[in-house]
Ligand SMILES: NC(=O)c1ccc[n+]([C@@H]2O[C@H](COP(=O)([O-])OP(=O)(O)OC[C@H]3O[C@@H](n4cnc5c(N)ncnc54)[C@H](O)[C@@H]3O)[C@@H](O)[C@H]2O)c1
């Protein structure tokens, strides 16, 4: 199958590219940055340029669309830039997919969309109340999901929306919680916890997340939304303890006020992905952290 991955040079996209290549697919990475290693077809293109997307996505049967402003602090600092990339950029990808008769667009969304819900337990049918949308990053992902639904209804473009949990693993973005904790632990620096440390995540090992992306090519995933989240609940304090244990360093911790618009954590059901894709995260948090800390030791500058 001929597959294009926008954002394929990034953290998650690079793992998806590797897994799809292992299965024998022909991969083309569309990104403003070069891929993390040689061996992939690479098109340097910006998703906010419509003509570049038309050309870059020519001939792609499946399009994994991951390119985005993924750093939530950057999104907050530059909301227009965030919407340009995450919403307008998505429209350019959808338009190119439609004009080039792609079979499907598989979109990287986020469980942060559930921060619009008051429910503690959420699944893909949970109502998204846009009046409760807080972070500009979250609202940009919801807007992109809306556009995808419209493209299906208006033009018949097939999609799969994947709402990712918070991934970690080799090549994780340095500004996210696990890399910060691990780096500071290894360097003996102070760690700041926002709030009381009791807020939780179901961190997902990036290899498991990539596997879920590969399974999303199944016909049964067409025009559906799936949560791909971890199955183990880990508090921020739990991450800290794990970083300390695996690195063998005692950590220095300071507390700061919770950031209001942050995703607080929910019980995100992954039952649909289990039943319909045959997907389940395989890597325990402890095992994933060991792999990540091992990678970080070798790759930190
Ligand atoms: N990492 C997370 O915590 C997380 C959680 C849920 C969803 N997501 C989503 O998954 C996707 C991938 O996230 P990631 O963590 O791998 O991010 P990343 O920043 O590592 O990767 C994004 C890639 O997109 C590329 N890119 C950005 N703007 C571009 C543009 N205008 N044109 C072309 N390429 C561009 C970047 O160069 C980068 O290689 C994003 O859509 C993100 O919103 C991430």
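Residue numbers (the numbering used here): 686 to 986. In this text, a Cβ means the ideal position worked out from N, Cα and C, and glycines have one as well.
Scanning the stretch 879-954 from its first residue to its last, the whole beta strand (DSSP E) runs of 3-plus residues come out as 909-913 and 937-941. Linking residue 706 to residue 712 through their CA atoms gives a straight-line distance of about 7 Å.
Out of 698, 970, 772 and 757, the CA that lies nearest to the CA of residue 751 is found in 698. Distance from the CA atom of residue 982 to the CA atom of residue 806, rounded to whole angstroms, is 36 Å. Taking 6 Å as the cut-off, one finds at least one heavy atom of ligand 1 near enough to the beta carbon of residue 858. Within 10 angstroms of the beta-carbon of residue 810 lie fewer than 16 other beta-carbons, which makes it exposed.
CA-to-CA, the gap between residue 826 and residue 754 works out to about 10 Å. Taking a C-beta distance under 7 Å as the contact criterion, residue 851 and residue 886 qualify as a contact pair. If you check the CB distance, residue 686 and residue 721 do not come in under 7 Å. Taken through DSSP and simplified to helix, strand or coil, residue 811 comes out as coil. The closest CA to that of residue 939, considering only 880, 803 and 708, is found on 880. For a cut-off of 8 Å, the C-beta gap from residue 688 to residue 749 is around 7 Å, short enough to register as a contact. For residue 713, the three-state secondary structure derived from DSSP is strand. Pairing residue 958 with residue 789, the inter-Cα distance amounts to about 18 Å. In terms of side-chain proximity, the C-beta atom of residue 751 is found nearer than 6 Å to a non-hydrogen atom of ligand 1.
As the crow flies, the alpha-carbon of residue 884 is around 9 Å from that of residue 919. In the three-state DSSP reduction, residue 843 falls in the coil class, being neither helix nor strand.
In this structure residue 833 does not touch residue 773 by the C-beta definition: roughly 14 Å separates them, more than the 8 Å allowed.
If you check the C-beta of residue 855 against ligand 1, you find no heavy atom less than 6 Å away.
Around the beta carbon of residue 905, fewer than 16 other beta carbons sit within 10 angstroms, so the residue counts as exposed. Between residue 861 and residue 899, the alpha-carbon positions lie close to 24 Å from each other. In the structure shown, the three-state DSSP call for residue 861 is coil. In chain order, 905 place their CB closer than 6 Å to the CB of residue 961, counting only its own chain and leaving out the 5 sequence neighbours on each side. Look at residue 868 here: in three-state DSSP terms it is helix. In the DSSP assignment, residue 758 falls within the unbroken alpha helix (DSSP H) covering 757-762. In this structure, residue 915 has its CB at a distance of at least 6 Å from all heavy atoms of ligand 1. Rounded to whole angstroms, the gap between the alpha carbons of residue 878 and residue 758 is 16 Å. Taking the Cα positions, residue 840 is about 21 Å away from residue 737.
Under the DSSP assignment, residue 691 falls in the beta strand (DSSP E) whose first and last residues are 687-691.
The nearest non-hydrogen atom of ligand 1 is 6 Å or more from the C-beta of residue 810.
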